[in-house]
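Under our numbering, the first residue of the sequence shown is numbered 2, with each subsequent residue one higher.
C-beta atoms are modelled at their ideal positions from N, C-alpha and C, and glycine is treated no differently.
Small disclaimer: the values here were computed from a predicted structure and weren't measured.
Accompanying notes for the structure given below.
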Amino acid sequence: MHRSVGLASFVVLVVIAFTGLYMNIPAVVEPALAAVAPFTERPPSVRTQGAAREAVWKVGWDAAYGRARAEHADDPVAGIGRIEARGYYQVRFLPPGDIMDSGTIRYFVDGRDGRLLGRFDHREGTAGDKIRTWQFPLHSGQGFGLAGRILVCVTGLVPLLLAFTGLWLWLRRTRLRRRCGPEPRPTSPAAGSGSCARPAGASSPTTAR
Numbered sequence: 002m003h004r005s006v007g008l009a010s011f012v013v014l015v016v017i018a019f020t021g022l023y024m025n026i027p028a029v030v031e032p033a034l035a036a037v038a039p040f041t042e043r044p045p046s047v048r049t050q051g052a053a054r055e056a057v058w059k060v061g062w063d064a065a066y067g068r069a070r071a072e073h074a075d076d077p078v079a080g081i082g083r084i085e086a087r088g089y090y091q092v093r094f095l096p097p098g099d100i101m102d103s104g105t106i107r108y109f110v111d112g113r114d115g116r117l118l119g120r121f122d123h124r125e126g127t128a129g130d131k132i133r134t135w136q137f138p139l140h141s142g143q144g145f146g147l148a149g150r151i152l153v154c155v156t157g158l159v160p161l162l163l164a165f166t167g168l169w170l171w172l173r174r175t176r177l178r179r180r181c182g183p184e185p186r187p188t189s190p191a192a193g194s195g196s197c198a199r200p201a202g203a204s205s206p207t208t209a210r
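Now the structure itself:
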């Protein structure tokens, strides 16, 4: 069980580990990845350093939503937020069959005057855009619907199961060594059954001279 479960879950565990690493330290992972798969960068900051907050956000939420909706009327809005450090809104849309519940199509609206600064859709982007966008859907299982979420949830419990089964196997072998003395590792299927059977003619380590 210990080995079979570990082998069966190996690929999913590696994917979860890599995507978790990527999302936690993107500043380390992304430069290496960008060397082989460049990204489409977000619009640069439009926020003037030291500007008052009122000057940065002259355009309200409704106006920003309306500007993005005018460009993209087909899909429902998944969310809208302010990118405070850059001074613009990000409006997300959720197309049918999207890989994230929060939507992957994004429009960027200037917080000062409502200008459309850019649009991002990973399906039309570079290979790097696709890789970066898929990190959270892979890590959470969202990219594969309910089945993917269940798989990731169950696989997340595997390390705990392996820890318990590994500890149980180690304790079991330790008890056998104490009971039977040092022995060559058995190779038969019956080995490890808890008995101290020895080959015919073998002497006990406690009585051999």
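**Prompt:** Considering only residues of the same chain and omitting the five flanking positions on each side of residue 16, which have a CB-CB separation below 7 Å?
**Reply:** Sequence index remark: in the sequence shown, residue 16 carries index 15 (1-based). Its chain contains 139 as the residues whose beta carbon lies nearer than 7 Å to that of residue 16, once the 5 sequence neighbours on both sides are disregarded; these appear in chain order.
**Request:** Using three-state DSSP, classify residue 8 as helix, strand or coil.
**Result:** Translated into positions along the sequence shown, residue 8 becomes position 7. Three-state DSSP puts residue 8 in a helix.
**Asked** Based on the DSSP output, what are the partners of residue 90 in its beta bridges?
**Response** Numbered from 1 along the sequence shown, position 89 holds the residue referred to as residue 90. Answer is 83, 110.
**Message:** I need the boundaries of the beta strand (DSSP E) containing residue 167, first residue and last residue.
**Reply:** In the sequence shown, residue 167 corresponds to position 166, counting from 1. In the DSSP annotation of this structure, residue 167 is not part of any beta strand (DSSP E); the continuous alpha helix (DSSP H) holding it starts and ends at 159-181.
**Closer than 8 Å to chain D by CB, residue 110** = The chain labelled as chain D is not found in the depicted structure, where only one protein chain is given.
**Message:** According to DSSP, is residue 78 part of a helix, a strand, or is it coil?
**Reply:** On the sequence shown, residue 78 is found 77 positions in, with the first residue counted as 1. Correct three-state label for residue 78: strand.
**Request:** Would you give the residue range spanned by the beta strand (DSSP E) that residue 95 belongs to?
**Result:** For the purposes of this step, residue 95 is identified with residue 94 of the sequence shown, where counting begins at 1. Residue 95: not part of any beta strand (DSSP E); DSSP gives it neither H nor E.
**Prompt:** Going straight from the alpha carbon of residue 149 to that of residue 52, what length do you get?
**Reply:** Working through the sequence shown from its first residue, we reach residue 149 at position 148. Working through the sequence shown from its first residue, we reach residue 52 at position 51. Residue 149 and residue 52 have their C-alpha atoms some 45 Å from each other.
**Item:** Contact set for residue 159: own chain, Cβ-Cβ below 7 Å, skip 5 residues either direction
**Value:** Position 158 of the sequence shown, counting from 1, holds the residue named residue 159. Excluding sequence neighbours, residue 159 sits near 6, 10, 14.
**Message:** Please tell me whether residue 135 and residue 84 are closer than 8 Å, where the distance is taken between their beta carbons.
**Reply:** Position 134 of the sequence shown, counted from the first residue, corresponds to residue 135. Position 83 of the sequence shown, counted from the first residue, corresponds to residue 84. Result no, Cβ atoms of residue 135 and residue 84 do not sit closer than 8 Å.
**Request:** Going by CA-CA distance only, name the one from 74, 113, 130, 141 that's closest to residue 55.
**Result:** The count along the sequence shown starts at 1 and reaches residue 55 at position 54. With distances taken between CA atoms, residue 55 lies nearest to 113 out of 74, 113, 130, 141.
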